[in-house]
Every structure is written in structure tokens, then in C-alpha cells.
Ligand code: AMP
Ligand code: FE
Ligand code: FE
Ligand code: ZN
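In this note's numbering, the protein residues as written are 3 to 286.
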């Protein structure tokens, strides 16, 4: 069994449509894939309709949250949410708020670039990005305009969180997000919790507190985690009785990661599925 529980489509900042994503997942020899676009379930229906019979599809999302670092400063945290009920009113309203934040913030970044004379058309960037607009959309526009050689180069300079054009967005408080996902019948998993290149890290002491609010698991194996990071998270998961997942965080051509680059153990996957009550697993 090859299980990849973290992938992105064009419904957020991946480059494969949801239909292409499920086909490529099957072609890559995956038995299970989760579609986890940022702050949206917009790719679910297309992925479901295009799902090859031999592929099991997990409907999920990656939620933009804010937690605290060891020094108490706010840190950006991504929380994977699996198999939740998309009709849960409070949770649906929060996703909509997050997408509005994404659009407003990306527009502000693009407008500042245009004001500084960079060849960026904010309207065109926003139109191409769609409702779950993210920095990778702006990165691609910068590449296409010849401003930077690659998406990665855009992230190391112009788009970096300490870079000249970065604009904050108001993400969901982590504990509240964990509670909302649990109330919608979903299972929450802390995404890439030790991925340093993305900025400051969450204080892992706070993970213990999240467990009592319903946190389901930790993403242990991730391309951005070192062996030491994985050991730290594995120990913490063991101590707290949390699930452990492994996933690629595939974004199509926006990253060099391939589907199935990291995978989840079947026993962990079965436990995750057993805890969810929002929507069923799609398998034939
Ligand atoms: P945002 O959500 O708009 O703040 O943008 C963050 C997104 O950019 C995340 O989904 C990451 O997957 C993606 N990202 C971060 N660093 C890079 C990079 N170096 N190359 C490509 N994508 C990146
Ligand atoms: Fe992303
Ligand atoms: Fe993420
Ligand atoms: Zn992701």
C-alpha cells in the first residue's frame, strides 16, 4: 500500500487540475491519495468524478493557521484536515474568510510590486490564481515576466516572509482550527511542523495542549523534514498518542517534489479513517 495524504491541485496552488492529480496519483502507483488544497474544498468534486477505480481518494484540506513560537511570537502553521463535513456552517464560513484574506493579501503584494515598476498586472495575477490565491501564483507571474528565474528564487527573495513585499494575512488561531475540524467530524494533522525554511517554528510544547482539543496527528515524514526533525516528531506523537503520517506535499510544477515522495504507513492510515465521521473514504 502506497499512501500519500498531502497534495495540491489548481484549486489552490498546485499546477495539476484535480482530475490530472488523481490520474497522476494512480499512474505513480499510489493506492491512496488525499487532495488537500489550501483553505478550500473546491477540488473535491472534480477529483471524485475523475478518480480511477483502483485509487482510494481522501477528501481533505490544508488550513492556514496561526500558532505561537517558543518566544511567544505568532507563527504560520498549516493544519491538514481530513474527511470533515464540508457543510458544517461554522467551518465553511471560516474557510470563506481565509480565502478572502488570501485574495486581499495577494492583491496587496502584487499592487506594491506594480507600484514599484515590476512588470506585474495585479488583476491578471488574481484572475489566474482564483479564490485560494497564494504566493506561488505570484511567483509564477514573476517567472513569466522574467523578473526571477524560478518559483523557488521568488520565494528566497521577493516573496519571502522577511522579504520586501510580504504582506501578512489573518489566519485561524490554531486551537480554534483544531476544534472546528473535530466538530465537523474531521481528523486534524499538523502539517510539516518542523519545516524551518518556511519561517519560525511552532512551540512543540503547545502540541500537548492541542491534543486535549482534538488534534489527531503529526505529519512526520515530509520532504522539508530532516532525519532529526522526523525523530523529534515521532517521539512527540508517541508520547501524546497522536497519529503519524508521511506525505509528499506535491504541488505539481511549482515544486520539485514528486507524488509519493513520502508516504504513510497503512496502520496509521486505517486509524485516521476510523476516527473520521464527516464524509466517507471514496474507494471502489
Ligand atoms: P502562502 O500560502 O500564500 O503564504 O504561500 C505559501 C505557499 O507557498 C505554501 O503552500 C508553500 O507550499 C509554497 N512555497 C513555499 N516555499 C516555496 C518554494 N520555495 N517554492 C515553491 N513553493 C513554495
Ligand atoms: Fe502550497
Ligand atoms: Fe503547507
Ligand atoms: Zn501543502
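No residue lacks a Cβ here, since even glycine has one placed at the ideal position from N, Cα and C.
Would you check if there are 3 or more beta carbon pairs closer than 8 Å linking the region 191-198 to the region 66-81?
yes
Rounded distance between the beta-carbons of residue 220 and residue 246, thought under 8 Å
The residue given as residue 246 occupies position 244 in the chain shown. The residue given as residue 220 occupies position 218 in the chain shown. The pair is a contact, with the Cβ atoms about 6 Å apart (cut-off 8 Å).
What is the residue span of the beta strand (DSSP E) that residue 221 lies within?
In the chain shown, residue 221 corresponds to position 219, counting from 1. Element bounds for residue 221: 219-223.
Can you name, in chain order, every residue of its own chain whose Cβ lies under 7 Å from the Cβ of residue 26, other than the five neighbours on each side?
The residue you call residue 26 lines up with position 24 of the chain shown. 18, 261, listed in sequence order.
Extent of the continuous alpha helix (DSSP H) to which residue 48 belongs
If you number the chain shown from 1, residue 48 lands on position 46. Taken as a continuous stretch (DSSP letters only), the alpha helix (DSSP H) holding residue 48 covers 46-52.
Can you pull the DSSP bridge partners for residue 70?
Taking the first residue of the chain shown as position 1, residue 70 is located at position 68. In the DSSP output, where bridge partners are listed per residue, residue 70 has 76.
The beta strand (DSSP E) spanning residue 183 covers which residue range?
Counted from its first residue, the chain shown places residue 183 at position 181. That residue, residue 183, is in no beta strand (DSSP E); its alpha helix (DSSP H) goes 176-185.
Closest Cα partner of residue 123 within the set 134, 217, 141:
Here residue 123 refers to the residue found at position 121 of the chain shown. Nearest of 134, 217, 141 to residue 123, Cα basis: 141.
Just tell me which of 187, 280, 175, 216 has its CA closest to the CA of residue 204.
Here residue 204 is taken as the residue at index 202 of the chain shown, counted from 1. For the residues 187, 280, 175, 216, the minimum Cα distance to residue 204 belongs to 175.
Closest to residue 254 by C-alpha separation, out of 166, 11, 3, 7, would be which residue?
Along the chain shown, one-based indexing puts residue 254 at 252. When only C-alpha atoms are compared, the closest one is 11.
Run the proximity test for residue 250: is its beta-carbon closer than 8 Å to any non-hydrogen atom belonging to ligand 1?
Looking up residue 250 in the chain shown gives position 248. No; taking the cut-off as 8 Å, the Cβ of residue 250 has no heavy atom of ligand 1 nearer than that.
Cβ-based burial, residue 91 [other Cβ within 10 Å; buried from 16]
Start at 1 with the first residue of the chain shown, and residue 91 comes out as number 89. So residue 91 counts as exposed.
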